[in-house]
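Engineer: Per the numbering used here, residue 1099 is the first one in the sequence shown, and the count goes up by one each step.
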Amino acid sequence: MKGRSFALLVGCMMMFSVILLIVSDYLDSYTEPNLMTTDSVEVIKNDLFDLTEDQGKLTIRYLYLDAEKKSGDAIVIKTPTGKVVLIDAGIVTTGLQVNDYLDRLQINKIDMAIATHPHYDHIGGYLTLLHEKTVDQLLMPNIDHTTDTYQQFSNLIQEKDVPTKFLYAGDQIILEEGIRIDVISPERKAIALAKEQKLSTTEINNLAFVLKLTYNETTFLFTSDIYKKQEDLLLQTKPNLLRADFLHAPHHGDHTSSSQAFINKVNPQFAVMSSNILQSKKVIKRYKQSDVNVFTTSRIGNVKIESDGVRIKVTPEYVRAYTK
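1) For THR1244, count neighbouring C-beta atoms within 10 Å of its own C-beta (all shown protein chains included) and say buried if the count is 16 or more, exposed if not.
2) Measuring only the C-alpha atoms, how far is LYS1310 from ILE1271?
3) Could you pull the DSSP bridge partners for LYS1143 from this structure?
4) Tell me which residues share the same chain as TYR1162 and place their Cβ nearer than 6 Å to its Cβ, disregarding the 5 neighbours each side in the sequence.
5) Do ASP1219 and ILE1189 have their beta-carbon atoms positioned less than 8 Å apart in this structure?
6) Roughly how many angstroms lie between the CA atoms of LEU1345 and THR1316, to the nearest whole one?
7) Which residues mark the beginning and the end of the alpha helix (DSSP H) in which GLU1274 is found?
8) With distances taken from CA atoms, which of ILE1375, ASN1338, LYS1336 and ASP1330 is nearest SER1355?
9) What is the DSSP secondary structure of VAL1381, counted as helix, strand or coil?
10) Could you tell me which residues DSSP puts in a beta bridge with LYS1176?
11) Could you tell me the alpha carbon to alpha carbon distance between ILE1410 and GLN1295, rounded to whole angstroms?
12) Where do the ends of the beta strand (DSSP E) carrying ALA1369 lie?
13) Are the region 1204-1213 and the region 1289-1306 in contact at 8 Å, needing three or more beta carbon pairs?
14) Specify whether the region 1231-1242 and the region 1251-1263 touch according to this definition: at least 3 beta carbon pairs, one from each stretch, less than 8 Å apart.
15) Roughly how many whole angstroms lie between the Cα atoms of ASP1343 and ILE1255?
16) So what's ALA1306 in DSSP terms, helix, strand or just coil?
17) I'd like to confirm the pairing. Which residues does DSSP put opposite ILE1279 in its beta bridges?
18) Which whole-angstrom value is the C-beta distance of VAL1308 and ILE1279, which I expect to be below 8 Å?
19) Measure how close the beta-carbons of THR1157 and LYS1402 come, nearest whole angstrom, since I'm counting them as under 8 Å.
20) Taking 6 Å as the limit between beta carbons, can you name the residues of its chain near SER1405, skipping five residues before and five after?
21) Judging by CA-CA distance, which residue of SER1252, GLY1276, LYS1386 and SER1322 is the nearest neighbour of THR1179?
22) According to DSSP, which residues form a beta bridge with SER1426?
23) Leaving out five residues on either side along the sequence, give the residues of the same chain with a beta carbon under 8 Å from the beta carbon of TYR1325.
24) Let me confirm a value: HIS1217 is counted as buried when at least 16 other C-beta atoms fall within 10 Å, else exposed. Which label applies?
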């Protein structure tokens, strides 16, 4: 009986040690409070929709989409001459939010709408926007999906007669002089193989667009929802194309992505995690330990990035004001 008690005691002590290690790792992770709700610090709110400073610059705005579940991506790019590119539009229920943001930016026409892949948290908002805004062109990978959201999206594109183009690795879009978007992924061959099988969520994510925007001397890498497997493939096949000043943290900053090797190769100065729900403190920590200035929309709201072609400035909507 004593032997059993001793064994039980040892087992409990070992379990307690494991719990301590987990808690220690958690506490060592990113612990910044939610700046949009906390009362413990003074918070400064920046007006990221003031257009007076946009003149002559490239601007990129990450939109914070409020929802009870994961709300997805919506990124508004505006060139110095006023061309508008929208990368994704969030889930169906946040479509009106995206439309309101565009109204605040005085945008009635989207020159180029991009759907990085057919998942609901990237195309859902287009079910509203295609009714509310004029869309001159839609760009997307040639991937079908079986969800109701995708079927509605596909039907609406036809109903609105939106010119649609499928893009593949190697394609290039010239937005205006000095500004281009290069398609790094997916490969045409990978898309062809995918059409022969039923794709899992992970497989669709790995076929999402990886796009590199170049404005003179500044570069921006948009990675949508790719996982570490696709990151590894790009590291093997296209390492020279990955370096960028700014990185869209893959898959909303989730633990599925942002390998250390990928972060090292991109070597960004700035990164944004686009999600209304914090995905992984460990991933945030990984970026911070790599000397990357990382911004999470779940904690700081909308994010504005601007460039004059030489320098990049990133402004969060909410920042903490420290007083001595």
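The beta carbon of each residue, even a glycine, is placed where N, CA and C say it ideally should be.
Given the structure is predicted, the values throughout are model-derived calculations rather than measurements.
Structural biologist: Concretely, from the data shown:
1) Counting the other CB atoms within 10 Å of its CB gives THR1244 a total below 16, which places it among the exposed residues.
2) 10 Å
3) TYR1416
4) THR1395, GLY1399 and ASN1400
5) yes
6) 12 Å
7) GLU1274 -> not in any alpha helix (DSSP H); beta strand (DSSP E) instead, spanning 1270-1274.
8) ASP1330
9) In the structure shown, VAL1381 sits in a helix (DSSP, three-state: H, G or I).
10) THR1157 and VAL1182
11) Approximately 42 Å, taken between the alpha carbons.
12) Element bounds for ALA1369: 1368-1371.
13) no
14) Yes, they touch.
15) 34 Å
16) coil
17) ILE1271 and LEU1311
18) Cβ-Cβ separation between VAL1308 and ILE1279: approximately 11 Å, too far for a contact (criterion under 8 Å).
19) 7 Å
20) LEU1156, TYR1313 and THR1316
21) For THR1179, the closest alpha carbon among the candidates SER1252, GLY1276, LYS1386 and SER1322 is that of GLY1276.
22) No answer is possible for residue 1426: the residues shown for the chain start at 1099 and end at 1422.
23) THR1300, ASN1303, ASN1304, PRO1348, HIS1349, THR1354 and SER1355
24) buried
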